[in-house]
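Chemist:
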Amino acid sequence: MPRIEDIKPPKRKTPSDSEGFRIGERKEDKDDKKGKEGKDDVKGEVDLLKIKPKKSFFQFLWRFIVFIVILAVFSGFFLFSAYKTKTKLYDSLNSADNDYIQLSDSISEKNIPKISTQIKSFFEKTDSGELLLQSIGQDVFVLNLLYLKNDKPKTTSLIDNFRVAHILVYSYKNIADLKFASSESSSDEYLSKINNYLTGFIFSKRDLEKRIYYANFYAKEAKNVAEKSHTNNEATGFEGKIINFANVSFDFFRYLTNIPDELANIIGKNGKKSYLVLFLNNAEIRPGGGFIGSFARIDFENGKLVKIDFEKNIYTLDQAYIAAGNHIFPPDELKSLTSDWLMRDSNLSADFSESAKKTAWFYQQESGNKVDGIFALDTTFFRHLLSITGPIPMPEYNLNVGANNFLPEVQYQVEIGYFQNDQGKVENQPKKILADLLPKFLLEVFKEKNSSALSAAISQAVEEKHLLLYFENQKIEDLAVGIGAGGEIQRSSGDYFYQSDANIGGYKSSLNIAESVVQSVEIGSSGDLSEKLSIIRKHNGTNNWPDGINNNFLKIYLPQTAKIDNIEFVAGDNNPRSDPKLLTSDKYQISSEFGKTLLSFWQNTKPKETSETKIEYVREGALRLSDDQFDYDITIQKQPGIEKFEYNLFLTYPFGWQPKNVEGYDEINRKIYLKKTITSDEKIHLEFVRSQSKK
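For the sequence shown, the residue numbers in the UniProt record's numbering are 1 to 695.
(1) Given 8 Å as the limit, is there contact between the segment 496-511 and the segment 544-558, that is, 3 or more CB pairs closer than that?
(2) Can you tell which of Pro-260, Pro-287, Ile-115 has the C-alpha that lies nearest to the C-alpha of Ser-249?
(3) Are Ser-104 and Asn-244 close, meaning C-beta to C-beta below 7 Å?
(4) Let me know the secondary structure DSSP gives Thr-635 once reduced to three states.
(5) Pull up the distance between the alpha-carbon of Phe-382 and that of Ala-403, whole angstroms please.
(6) With a Cβ-Cβ cutoff of 7 Å, do Lys-475 and Glu-262 count as a contact?
(7) Looking at Gln-603: is its Cβ nearer than 7 Å to the Cβ of Ser-592?
(8) Going by C-alpha to C-alpha distance, which of Lys-304, Tyr-170, Thr-199 sits closest to Ala-246?
(9) Around the Cβ of Lys-307, are there at least 16 other Cβ atoms within 10 angstroms (buried) or fewer (exposed)?
(10) Just to confirm before moving on: does the CB-CB distance between Phe-362 and Leu-386 stay below 7 Å?
(11) Could you give the distance in angstroms between the alpha-carbon of Glu-464 and the alpha-carbon of Ala-485?
(12) When burial is assigned at 16 or more other CB atoms within 10 Å of the CB, is Ser-693 buried or exposed?
(13) Compare the C-alpha of Pro-640 against each of Arg-537, Asn-111, Leu-454, Ile-489 and name the closest.
(14) Can you give me the C-alpha to C-alpha distance between Ala-514 and Arg-537, rounded to a whole angstrom?
(15) If I follow the unbroken alpha helix (DSSP H) through Gln-319, where does it start and stop?
(16) Report yes if the CB atom of Tyr-470 is closer than 7 Å to the CB atom of Ile-374, and no otherwise.
(17) Residues in the same chain with beta-carbon distance under 6 Å from Asp-17, minus the five sequence neighbours each way, listed in chain order, please.
(18) In or out: Phe-655 buried (at least 16 other Cβ within 10 Å) or exposed?
(19) So, is His-166 buried or exposed, given that buried needs 16 or more other C-beta atoms within 10 angstroms?
(20) Taking only the alpha-carbon atoms, compute the straight-line gap between Leu-649 and Val-517 and give it to the nearest angstrom.
(21) Decide if Lys-425 is buried, meaning its Cβ has at least 16 other Cβ atoms within 10 Å, or exposed.
(22) Closest by CA to Leu-625, which one among Trp-657, Lys-608, His-685, Thr-635?
(23) Give me, in chain order, the residues of the same chain whose beta-carbon lies closer than 6 Å to that of Thr-389; leave out the 5 immediate sequence neighbours on both sides.
(24) DSSP beta-bridge partners for Val-521?
(25) Kindly indicate if chain C contains any beta-carbon less than 7 Å away from that of Ile-101.
(26) In the DSSP assignment, what are the bridge partners of His-685?
(27) Which value, in whole angstroms, describes the spacing of the CA atoms of Asp-573 and Thr-605?
(28) Would you kindly work out how many angstroms separate the C-alpha atoms of Glu-333 and Ala-176, rounded to a whole number?
(29) Please list, in chain order, all residues of the same chain as Lys-563 whose beta carbon is under 7 Å from its beta carbon, the five residues on each side excluded.
(30) Nearest CA to the CA of Ser-106: which residue from Ala-283, Val-225, Gly-482, Asn-224?
(31) Just to confirm my understanding: we take Thr-316, look at its own chain, exclude 5 residues before and 5 after, and list those with CB closer than 7 Å. What are they?
(32) What number of angstroms, rounded off, separates the C-alpha of Glu-234 from the C-alpha of Glu-522?
(33) Name, in chain order, the residues that DSSP records as bridge partners for Pro-393.
(34) Flag this pair as yes or no: are the beta carbons of Asn-543 and Pro-439 separated by less than 7 Å?
(35) Please classify Lys-368: is it buried, with 16 or more other beta-carbons within 10 angstroms of its beta-carbon, or exposed?
(36) Comparing C-alpha positions only, which one of Tyr-190, Asp-340, Glu-311 sits nearest to Gly-325?
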């Protein structure tokens, strides 16, 4: 082994030593020369090999630096993308802060229409967030790099909570997107058409059960993940709202588990079921949706509709009941008209379930038959369905009955035309035209081509309370309430207004009444509310039959804490049947019903005239203003059968406060004005913050 001092520097190469051939030199000469020099330079080659690593190290270092720079660029870009993803996810969850509360409330109330509406927008948000997560991969390690060591659980919690929200929203949407199977029936028999739809439901029931099963599975897993994911012992912020969302969803999907079987039981899958279908004339409005002019009994068995028995004259049952010696005292609004309370006037409760129970009770008393529920539809809904089917030929009456002429033509036949026929006087079945129309109508409306329009019409009728349902089965009744078809008086913690009209006297004038409500609310500095109501009713009809004076018994439902200070009858007739002996103090009654303060009075309106009543009341300590913010909420309910009314809210808020979620308010006079056309139940939510803390 050579000693280090024996190693000599390598011989420096000259240009002539370079590879290749010099001009005029032969390859053989070069080879000989290299051979002679080879032995002498062995030692030098060894030395050269030992020096080369020094040059390779710098090359390696350079390449390493380039690699690190490239890695840093890509890592920075990736981390920046991850940071943006994290920010978007966080902002998405926080931006939906109040939405999660509202959705959770809707789920707790089993309010299916609201759930369906809210889920659509939620799914778009969570689905876009899920795509963001997929764009950076499934591993949360990268997002964890964005936090300090002690804060890493925040990232995991963020992603867990987001995915909990997404899988729950997906489960709701999966159930809502279910399409019921159906096929066109070639039969010309209306029962066959209807049963074709029912068969489609039975086939779709399995798919519904499957979707609910998976929703339960996902909800259970989501609930567990949500409860374990919060970073502290006590969840706060959106974490707490996600946990609540998971908990109420878990309970809701468990509630849905038996619903498919219960729905099948509605149509007699496990035994015979019978229902009354009430045909309500909302031109003669009643609290339950309209006067019960006629009805039908429908029977289901083994999942099929087996019979429709149309009752052509409700008075026949009522008169037979009286003839048998029965007598029931009527409520106050009927005492000036009759000494007996009968089935035709049974739907006088402002809560539809109570009205339906009373109607079912009268039917059992008068006919001896029991029913399992009540379906009620008014003329507004029926005319909407006629606009889908088109005019129905009725050659025996020399008519084509359509949406535009249904009310006047049928009304004429029932009240006048039928009795101009001698046979009609003998039969005394004035609603026979409806019994003849029904089979032809059902044959048309249940055609496959009308299925989409029919579904939309039913949904709209339920929302606007032109179609109402009541079931003795409490689980199904809860579902009916949940889809908005229960017609119940709602519980509310804030302000509340519900006006219920009863047209008493026989004139078909209700659809000619233009009604408006003006409500003034002044919020005091201590949280007291001073409120004023004006009920204005304008009669746009005539004195020509079947129109006439609108004799209206009116009920106003207010919060339980409302203390009525004054009532002023500004215009119109406020006497029942225009009784001149009635004292002013007897013109109204204040009581309590359904957990509300109830004010009852008459407000009669003649054609081409306007009536008005003003009410003043206070609610002491209704709001808490000790914090830096407060909310004002009011629930406005629409009566079944009423098509619409105008609602005007004038609100004055206290000094030192400003509205947070309202635009276009009067900041100088601290006033807010809102105008709405009420076609369904409405809720108004106003937020206020102290002036110096407004953001």
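Cβ coordinates follow ideal geometry from the N, Cα and C atoms, glycine included.
Modeler: Well, looking at it:
(1) yes
(2) Sequence index remark: in the sequence shown, residue 249 carries index 249 (1-based). Closest by alpha carbon: Ile-115.
(3) Translated into the one-based positions of the sequence shown, residue 104 becomes position 104. Translated into the one-based positions of the sequence shown, residue 244 becomes position 244. Yes, the pair counts as a contact, with Cβ atoms nearer than the cut-off.
(4) Taking the sequence shown and counting its residues from 1, one reaches residue 635 at position 635. DSSP places Thr-635 in strand when its eight states are reduced to three.
(5) Translated into positions along the sequence shown, residue 382 becomes position 382. Translated into positions along the sequence shown, residue 403 becomes position 403. Spanning the two alpha carbons is a distance of roughly 8 Å.
(6) Position 475 of the sequence shown, counted from the first residue, corresponds to residue 475. Position 262 of the sequence shown, counted from the first residue, corresponds to residue 262. Taking 7 Å as the Cβ cut-off, Lys-475 and Glu-262 qualify as a contacting pair.
(7) Locating residue 603 in the sequence shown gives position 603, where the first residue counts as 1. Locating residue 592 in the sequence shown gives position 592, where the first residue counts as 1. In this structure, Ser-592 does not lie closer than 7 Å to Gln-603 by Cβ.
(8) Sequence index remark: in the sequence shown, residue 246 carries index 246 (1-based). The shortest Cα separation from Ala-246 among Lys-304, Tyr-170, Thr-199 belongs to Tyr-170.
(9) Taking the first residue of the sequence shown as 1, we reach residue 307 at position 307. That one is exposed.
(10) Your numbering for residue 362 matches position 362 in the sequence shown. Your numbering for residue 386 matches position 386 in the sequence shown. No, they are not a contact pair.
(11) Start at 1 with the first residue of the sequence shown, and residue 464 comes out as number 464. Start at 1 with the first residue of the sequence shown, and residue 485 comes out as number 485. Distance between the alpha carbons of Glu-464 and Ala-485 is about 9 Å.
(12) Counting from one through the sequence shown, the residue named residue 693 turns up at place 693. Note that Ser-693 scores a pLDDT of 48, beneath 50, so its modelled location is shaky and nothing firm can be said.
(13) Position 640 of the sequence shown, counted from the first residue, corresponds to residue 640. For Pro-640, the nearest C-alpha among the options comes from Ile-489.
(14) The sequence position of residue 514 within the sequence shown is 514, counting from 1. The sequence position of residue 537 within the sequence shown is 537, counting from 1. Between Ala-514 and Arg-537, the C-alpha separation is close to 6 Å.
(15) Your numbering for residue 319 matches position 319 in the sequence shown. Where Gln-319 is concerned, the enclosing alpha helix (DSSP H) stretches over 314-323.
(16) Stepping through the sequence shown from its first residue, residue 470 is reached at position 470. Stepping through the sequence shown from its first residue, residue 374 is reached at position 374. Taking 7 Å as the Cβ cut-off, Tyr-470 and Ile-374 qualify as a contacting pair.
(17) For the purposes of this step, residue 17 is taken as the residue at position 17 of the sequence shown. Model confidence at Asp-17 stands at a pLDDT of 48, short of 50, so the residue's coordinates are unreliable; what they give is reported in the following sentence. Here the set comprises nothing.
(18) Taking the sequence shown and counting its residues from 1, one reaches residue 655 at position 655. Classification for Phe-655: exposed.
(19) Along the sequence shown, read from residue 1 onward, the residue named residue 166 stands at position 166. The residue in question, His-166, is buried, as its Cβ has 16 or more Cβ neighbours within 10 Å.
(20) Your numbering for residue 649 matches position 649 in the sequence shown. Your numbering for residue 517 matches position 517 in the sequence shown. Those two C-alpha atoms are separated by around 9 Å.
(21) The residue given as residue 425 occupies position 425 in the sequence shown. Because Lys-425 carries a pLDDT of 40, less than 50, the predicted location of this residue cannot be relied on, and the following value inherits that uncertainty. Answer is exposed; the Cβ neighbour count stays below 16.
(22) The sequence position of residue 625 within the sequence shown is 625, counting from 1. Considering only alpha carbons, the answer is Trp-657.
(23) One-based indexing of the sequence shown puts residue 389 at position 389. Excluding residues within five positions, the ones whose Cβ falls inside 6 Å are Glu-444, Val-445.
(24) Taking the first residue of the sequence shown as position 1, residue 521 is located at position 521. Looking at the DSSP assignment, Val-521 forms a beta bridge with Glu-531, Leu-651.
(25) Chain labels in this structure do not include chain C; a single protein chain is all it has.
(26) Position 685 of the sequence shown holds residue 685. According to DSSP, His-685 bridges with Asp-633.
(27) To locate residue 573, count along the sequence shown from 1; it is residue 573. To locate residue 605, count along the sequence shown from 1; it is residue 605. Rounded to the nearest angstrom, the two C-alpha atoms are 7 Å apart.
(28) Here residue 333 corresponds to residue number 333 of the sequence shown, with the count starting at 1. Here residue 176 corresponds to residue number 176 of the sequence shown, with the count starting at 1. One C-alpha to the other measures close to 43 Å.
(29) As a working mapping, residue 563 is identified with position 563 in the sequence shown. Excluding positions up to five away in sequence, the list reads Tyr-617, Val-618.
(30) Residue numbering aside, residue 106 sits at position 106 when the sequence shown is read from its first letter. Of the listed residues, the one whose Cα sits closest to Ser-106 is Gly-482.
(31) Looking up residue 316 in the sequence shown gives position 316. No residues qualify anywhere along the chain.
(32) For the purposes of this step, residue 234 is taken as residue 234 along the sequence shown, with counting starting at 1. For the purposes of this step, residue 522 is taken as residue 522 along the sequence shown, with counting starting at 1. A caution first: Glu-234 carries a pLDDT of 45, below 50, which makes its placement in the model unreliable, though a value can still be read off. The straight-line gap from Cα to Cα measures roughly 39 Å.
(33) The residue labelled residue 393 in the question sits at position 393 within the sequence shown. BP columns for Pro-393 point to Asn-400.
(34) Taking the first residue of the sequence shown as 1, we reach residue 543 at position 543. Taking the first residue of the sequence shown as 1, we reach residue 439 at position 439. No; because the gap between Cβ atoms is not below 7 Å, this pair is not in contact.
(35) The sequence position of residue 368 within the sequence shown is 368, counting from 1. According to the sequence as given, residue 368 is Gly; it is not Lys. Gly-368 is exposed by the Cβ-count criterion.
(36) Within the sequence shown, numbered from 1, the residue matching residue 325 stands at position 325. If we check each option's Cα against that of Gly-325, Asp-340 comes out closest.
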